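In our numbering, the protein residues as written are 73 to 483.
Cβ atoms here follow ideal geometry from the backbone N, Cα and C, with glycine treated the same way.
Note that the structure is predicted; figures quoted are calculated from it, not measured.
Take a look at the structure set out below.
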Ligand SMILES: *Cc1c(COP(=O)(O)O)cnc(C)c1O
């Protein structure tokens, strides 16, 4: 491996085809923001668009805006545009609710499609909400359902003729490890089971091929690499072939075939709209639309390439300058998402010290320091400064100061 130096990285920034995109984001100066995998940055044109939606649409057109400005159509319109970024043809994606709520809707619906089967297979150490929602579903359905959570290496062997659903997170939130979507989806189908992919740490970080891989269901988070804003409505995908038999449990009025008939009896809408529940969050959708406009300009293969390069450089520099940390993410770039995690027993205090020095990553218990490389606005030179700051913190032992040990609510 060749030696990396700052000059070399600055040259890479100069020839980076994605470099101009950084200018589309509002970022505080002097801050290196390596937490775009948890809350993406603010696109510069979002505030003005939100202001216009508030004052012109809501303020002047009031309730007429539902029709005039297509407020009601946004979940489908934005869903189609996001779905395209994930490799989905139109009519299969929505933007609605939170990722958590969408997991519940789709997991419950999937089980209904396989009534003779009793197993849901997932991974231990999956993102907590995914596990908790399956546990909630299990408590609701009792003996009819068994949630089997096993280590990653044991997942494939658990998928069998009793399996109704496999729920996996494509890019692991902590390790950044990626599942082989094509292989696991195909294995699942061979056993007659269905699969629900959680794309939270993949969407907006790499190209995805939902239709091509014959994925059944997917959810994705829009406030991470997509930059849709805190709590942005989430992606929900249901393959066309399941839409005629789907029965999702949150049968709210906007999933009805004719919501404005106000009929007493629920009747599901024929298409993807049946996965809606209640009224869309209009302001949140307006912010999300601005973010999607940026993503649509991006070559996702180039984005993925840059993300892999950023991770490779970080890993190499950490090994060189901060050898006391242990790498938990794959070194093989093809198996790694857009984040790299390293561990240290004093990880919490070290991360607090880094944040005070304007390098923002995050901490995931018990000992993970997590660094997300959002390729739209992270520069190669940022990786150099990050690792040098970390090396300095370790060399001086400044993380030992008491203020870095006080726990915050959000880590
Ligand atoms: C971020 C994330 C979520 C987010 O769920 P919310 O309902 O938005 O809180 C879900 N699953 C995974 C794997 C995530 O990384």
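Run through DSSP, which three-state label would residue 200 get?
Taking the chain shown and counting its residues from 1, the one referred to as residue 200 is at position 128. Reduced to three states, the DSSP call for residue 200 is helix.
In the DSSP assignment, find the unbroken alpha helix (DSSP H) run with residue 325 in it and report its ends.
Taking the chain shown and counting its residues from 1, one reaches residue 325 at position 253. Going by DSSP, residue 325 is part of no alpha helix (DSSP H) at all; its letter is neither H nor E.
Complete runs of the beta strand (DSSP E) confined to the region 437 to 477 [at least 3 residues]:
440 to 444
Considering only the beta carbon of each residue, do residue 210 and residue 219 sit closer than 9 Å?
Numbered from its first residue, the chain shown carries residue 210 at position 138. Numbered from its first residue, the chain shown carries residue 219 at position 147. Yes. Within cutoff.
Should the region 442 to 454 be regarded as contacting the region 467 to 478, the criterion being three or more beta carbon pairs within less than 8 Å?
Result no; under three Cβ-Cβ pairs closer than 8 Å.
Name the residue from 171, 237, 169 whose alpha carbon lies nearest to the alpha carbon of residue 184.
Translated into positions along the chain shown, residue 184 becomes position 112. Checked all of 171, 237, 169; the closest Cα to residue 184 is 237.
Rounded separation between residue 96 and residue 174 - CA only
Translated into the one-based positions of the chain shown, residue 96 becomes position 24. Translated into the one-based positions of the chain shown, residue 174 becomes position 102. Rounded to whole angstroms, residue 96 to residue 174 spans 30 Å at the Cα level.
Segments assigned alpha helix (DSSP H), at least 4 residues, entirely inside the region 83 to 132:
118 to 124
Could you name the residues of the same chain whose beta carbon sits closer than 7 Å to that of residue 259, not counting the 5 residues immediately before and after it, in chain order?
One-based indexing of the chain shown puts residue 259 at position 187. Excluding residues within five positions, the ones whose Cβ falls inside 7 Å are 228, 231.
Look at the alpha carbon of residue 394 and the alpha carbon of residue 416, and state the distance between them as a whole number of angstroms.
As a first step, residue 394 is located in the chain shown; it is residue number 322 there, counting from the start. As a first step, residue 416 is located in the chain shown; it is residue number 344 there, counting from the start. Straight-line Cα distance between these residues: approximately 11 Å.
9 Å is my cut-off, CB to CB: does residue 425 come that close to chain C?
Here there is only one protein chain, and chain C is not present.
Quick check on DSSP: helix, strand or coil for residue 396?
By 1-based counting over the chain shown, the position of residue 396 is 324. The answer is coil: DSSP assigns residue 396 none of H, G, I, E or B.
Helix, strand or coil at residue 282 [DSSP, three-state]
Here residue 282 refers to the residue found at position 210 of the chain shown. Reduced to three states, the DSSP call for residue 282 is coil.
What did DSSP end up calling residue 315 once you bin it into helix, strand or coil?
Counting from 1 along the chain shown, the entry for residue 315 is found at position 243. Residue state, collapsed to three classes: coil.
Relative to ligand 2, is the shortest distance from any of its heavy atoms to the C-beta of residue 480 smaller than 8 Å?
No copy of ligand 2 appears in this structure; the ligands present are ligand 1.
Beta-bridge partners of residue 408, as assigned by DSSP
Numbered from 1 along the chain shown, position 336 holds the residue referred to as residue 408. Paired residue(s): 249.
Would DSSP call residue 195 helix, strand or coil?
Counted from its first residue, the chain shown places residue 195 at position 123. Reduced to three states, the DSSP call for residue 195 is strand.
Would you call the region 300 to 307 in contact with the region 150 to 160, where contact means no fewer than 3 C-beta pairs closer than 8 Å?
yes
Element boundaries [alpha helix (DSSP H), containing residue 138]:
In the chain shown, counting from the first residue as 1, residue 138 sits at position 66. Run containing residue 138: 137 to 140, per the alpha helix (DSSP H) assignment.
Could you pull the start and end residues of the alpha helix (DSSP H) that residue 152 belongs to?
Sequence index remark: in the chain shown, residue 152 carries index 80 (1-based). Residue 152 -> alpha helix (DSSP H) spans 146 to 157.
For residue 195, count the other beta carbons within 10 Å of its own beta carbon; 16 or more makes it buried, fewer makes it exposed. Which is it?
Translated into positions along the chain shown, residue 195 becomes position 123. Residue 195 should be labelled buried.
Does DSSP put residue 168 in a helix, a strand or coil?
Locating residue 168 in the chain shown gives position 96, counting from the first residue. It is a strand residue.
Which of the three DSSP states is assigned to residue 433 in this structure?
Taking the chain shown and counting its residues from 1, one reaches residue 433 at position 361. It is coil, neither helix nor strand.
Given that a residue counts as buried once 16 or more other Cβ atoms are within 10 Å of its Cβ, and exposed if not, what is residue 103?
As a working mapping, residue 103 is identified with position 31 in the chain shown. Label assigned to residue 103: exposed.
Under three-state DSSP, which class holds residue 297?
In the chain shown, the residue the question calls residue 297 occupies position 225. Reduced to three states, the DSSP call for residue 297 is coil.
Where the alpha helix (DSSP H) containing residue 419 begins and where it ends:
Locating residue 419 in the chain shown gives position 347, where the first residue counts as 1. It spans 419 to 428 - the alpha helix (DSSP H) in which residue 419 sits, taken as one unbroken run.
Within its chain, find whatever has a CB closer than 7 Å to the CB of residue 413; leave out the 5 residues flanking it on each side and keep chain order.
Taking the chain shown and counting its residues from 1, the one referred to as residue 413 is at position 341. If we look at residue 413 and ignore the five residues flanking it on each side, its Cβ neighbours are 246, 247, 248, 400, 401, 440, 441, 442.
Thinking residue 166 and residue 329 are a contact (beta carbons under 8 Å), I'd like their distance in whole angstroms, please.
Within the chain shown, residue 166 is the residue found at index 94, counting from 1. Within the chain shown, residue 329 is the residue found at index 257, counting from 1. With 8 Å as the limit, residue 166 and residue 329 do not qualify as a contact, their Cβ atoms being about 16 Å apart.
Where residue 357 and residue 108 are concerned, what is the direct C-alpha to C-alpha distance, given to the nearest angstrom?
Here the question's residue 357 lines up with position 285 in the chain shown. Here the question's residue 108 lines up with position 36 in the chain shown. Spanning the two alpha carbons is a distance of roughly 19 Å.
Does the Cβ-Cβ distance between residue 298 and residue 363 come in under 9 Å?
As a working note, residue 298 is residue 226 in the chain shown. As a working note, residue 363 is residue 291 in the chain shown. Yes, Cβ-Cβ distance for residue 298 and residue 363 is below 9 Å.
Reducing DSSP to helix, strand and coil, say where residue 359 ends up.
Working through the chain shown from its first residue, we reach residue 359 at position 287. Residue state, collapsed to three classes: helix.
Check: residue 173 C-beta below 8 Å from any heavy atom of ligand 1
The residue labelled residue 173 in the question sits at position 101 within the chain shown. In this structure, the C-beta of residue 173 approaches ligand 1 to less than 8 Å from one of its heavy atoms.
With three or more beta-carbon pairs closer than 8 Å as the criterion, would you say the region 338 to 346 touches the region 80 to 90?
no
Would you say residue 254 and residue 268 are within 9 Å of each other, going by their C-beta atoms?
As a position in the chain shown, residue 254 is number 182, starting the count at 1. As a position in the chain shown, residue 268 is number 196, starting the count at 1. Not a contact, by the Cβ cut-off of 9 Å.
On a CA-only basis, which of 80, 186, 176, 187 is nearest residue 207? Give me that one, please.
Counting from one through the chain shown, the residue named residue 207 turns up at place 135. Residue 176 is the option with its Cα nearest to residue 207.
Below 8 Å, how does it come out for the region 313 to 324 and the region 131 to 150: are there three or more Cβ pairs, yes or no?
These segments do not touch.
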